[in-house]
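First comes the structure, then the notes that go with it.
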Amino acid sequence: MNGDPISNMIFFLFWLLLLFSIMEPILSLRRLQAARLALIRQMEQKYGWRVVTLIHREERVTFFGIPIQRFIDIDDSEAVLRAIRTTPPDKPIALILHTPGGLVLAASQIARALKRHPGRKIVIVPHYAMSGGTLIALAADEILMDPNAVLGPLDPQLSLGPQGPVVPAPSILKVAKMKGDKASDTTLIVADIAEKAIMEMQEVITDLLKDKMGEEKAREIAKVLTEGKWTHDYPITVEKAKELGLPVKTEVPPEVYQLMELYPQAPHNRPGVEFIPQPLPQHPVRRGQRATS
Numbered sequence: 026m027n028g029d030p031i032s033n034m035i036f037f038l039f040w041l042l043l044l045f046s047i048m049e050p051i052l053s054l055r056r057l058q059a060a061r062l063a064l065i066r067q068m069e070q071k072y073g074w075r076v077v078t079l080i081h082r083e084e085r086v087t088f089f090g091i092p093i094q095r096f097i098d099i100d101d102s103e104a105v106l107r108a109i110r111t112t113p114p115d116k117p118i119a120l121i122l123h124t125p126g127g128l129v130l131a132a133s134q135i136a137r138a139l140k141r142h143p144g145r146k147i148v149i150v151p152h153y154a155m156s157g158g159t160l161i162a163l164a165a166d167e168i169l170m171d172p173n174a175v176l177g178p179l180d181p182q183l184s185l186g187p188q189g190p191v192v193p194a195p196s197i198l199k200v201a202k203m204k205g206d207k208a209s210d211t212t213l214i215v216a217d218i219a220e221k222a223i224m225e226m227q228e229v230i231t232d233l234l235k236d237k238m239g240e241e242k243a244r245e246i247a248k249v250l251t252e253g254k255w256t257h258d259y260p261i262t263v264e265k266a267k268e269l270g271l272p273v274k275t276e277v278p279p280e281v282y283q284l285m286e287l288y289p290q291a292p293h294n295r296p297g298v299e300f301i302p303q304p305l306p307q308h309p310v311r312r313g314q315r316a317t318s
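Numbering-wise, my numbering comes out as the position in the sequence shown, counting from 1, plus 25.
Here is the structure:
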C-alpha cells in the first residue's frame with residue numbers, strides 16, 4: 026500500500042467485498058437453518074409429533090455456487106437413527122421425506138429403526154420419495170402424500186463393473202435366462218447376485234408390511250415392487266399406492282410446504298417457473314389434534 030488515499034480506499038473496499046462474498050452464503054445458510062428449526066418446532070408443538078426431516082436438494086454452497094447432489098447415505102442413517110433413538114417411546118415420529126433414493130444399506134437401516142419405534146410413525150411425502158425413500162415410507166403406520174406426490178419401485182440396481190453401467194437386477198436375470206447356456210461366466214455371476222439382491226429386498230419389504238396387512242399380502246406387494254414390472258423411475262401415484270394397499274392419505278400439513286421453501290436449490294438448476302404466491306389451503310386440523318387421525 027502507498028500513501029494515496031484513493032488507492033487505499035479501493036484496496037480496502039476490494040477486501041471488504043471479498044470478505045462479504047465469502048461470509049454472505051454462510052450467514053444466509055444459517056438464517057435458513059434457523060428458520061427451518063423454528064418451523065419444525067412450531068409443527069411439533071401444534072401436532073404433538075417429533076419432526077425429523079430427510080430432504081435432499083441441490084443446494085448452492087460457498088461463494089463459488091457449487092451444487093452438491095444429495096442422496097440417502099450412511100451419514101443420513103446415523104443422524105436419523107440418533108433422532109429416533111432420542112425420541113420418547115410414546116412420542117409419534119413424523120418423518121418428512123424428499124429424496125431420489127440412495128444406498129440400500131442406509132435406507133433399510135432407517136426403515137427398520139423407524140419400524141421399531143413403539144410410538145406412531147408418520148411419513149410425509151410432499152413431492153417424491155423414490156427407491157430407498159419408498160422403502161423408508163413402508164415402515165410408517167401412515168403415509169401422508171401430496172395428491173400429486175409419487176413413490177417409486179424398489180428393484181435393486183447393480184453396477185456392471187467399476188466403469189460399467191448401473192442396471193436393474195430383474196433385467197439382469199431376464200438376460201441371463203434368455204441367453205441360457207450361451208451366457209458368459211460373468212453374466213451368470215452377476216445374475217446370481219441380482220437374484221440374491223431381489224430376495225433380500227423382498228424380505229425387508231415383507232418385514233416392514235406384514236404386521237399391517239398380513240404376510241401373504243406383504244409378499245405380494247414386495248414382488249410387485251421388486252421384480253421389474255416397472256422401470257426404476259416409474260411414478261407410483263397416490264392412487265396406485267392405495268391400489269397396492271399402502272396406508273396412504275393426502276392430508277399433508279400446510280407447514281410442510283412452507284418448510285420445503287426453506288430448502289432452495291442452486292439458482293442455475295431451478296426451472297424457468299414463475300408465479301405469484303397465493304395462501305396455502307388450510308386443512309381442518311385443530312390444535313392438539315393429529316393431522317393423521
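Heads up, the beta-carbon is just placed ideally off N, CA and C, and yes, glycines get one too.
Minimum length 3: unbroken beta strand (DSSP E) runs contained in the stretch 106 to 144: As far as the stretch 106 to 144 is concerned, its whole beta strand (DSSP E) runs of at least 3 residues are 118 to 123.
Coil, strand or helix - Ile80 by DSSP: strand
Could you please give me the residues that DSSP links to Ile261 through a beta bridge? Leu176
Mapping the DSSP letters down to three states, classify Ile91 as helix, strand or coil. Confidence is the limiting factor: at Ile91 the pLDDT is only 45, short of 50, which leaves the residue's position unreliable, though a coordinate-based value still follows. Reduced to three states, the DSSP call for Ile91 is strand.
Neighbourhood of Ile80 by C-beta, 6 Å cutoff - its chain only, sequence neighbours within 5 removed: His123 and Tyr288
In the DSSP assignment, find the beta strand (DSSP E) that holds Leu183 and state where it starts and stops. Gln182 to Ser184
From the DSSP output, which residues share a beta bridge with Tyr153? Beta-bridge pairing links Tyr153 to Val175.
Three-state class that DSSP yields for Val249 in the structure shown: helix
Would you check if there are 3 or more beta carbon pairs closer than 8 Å linking the stretch 98 to 108 to the stretch 131 to 147? Of all C-beta pairs linking the stretch 98 to 108 to the stretch 131 to 147, three or more are shorter than 8 Å, placing the two stretches in contact.
Paired residues, beta bridge with Lys274 - DSSP: For Lys274, the pairing in a beta bridge is given by DSSP as Leu169.
Can you give me the start and stop residues for the alpha helix (DSSP H) that Pro195 sits inside? Membership of Pro195 in the alpha helix (DSSP H) is indicated by the continuous run Ala194 to Lys204.
Grouping DSSP H, G and I as helix and E and B as strand, with all else coil, what is Lys146? In this structure, Lys146 counts as strand in the three-state DSSP scheme.
Among residues of its own chain, excluding the 5 on either side of Ala60, which ones have a beta-carbon nearer than 6 Å to its beta-carbon? The residues are Leu287.
Following the continuous alpha helix (DSSP H) through Glu280, name the residue where it begins and the one where it ends. Pro279 to Met285
Alpha carbon to alpha carbon, what distance is there between Gly189 and Thr231? Thr231 and Gly189 have their alpha carbons spaced roughly 31 Å apart.
contact_flag[the stretch 216 to 231, the stretch 179 to 197] where n(CB pairs < 8 Å) is 3 or more: yes
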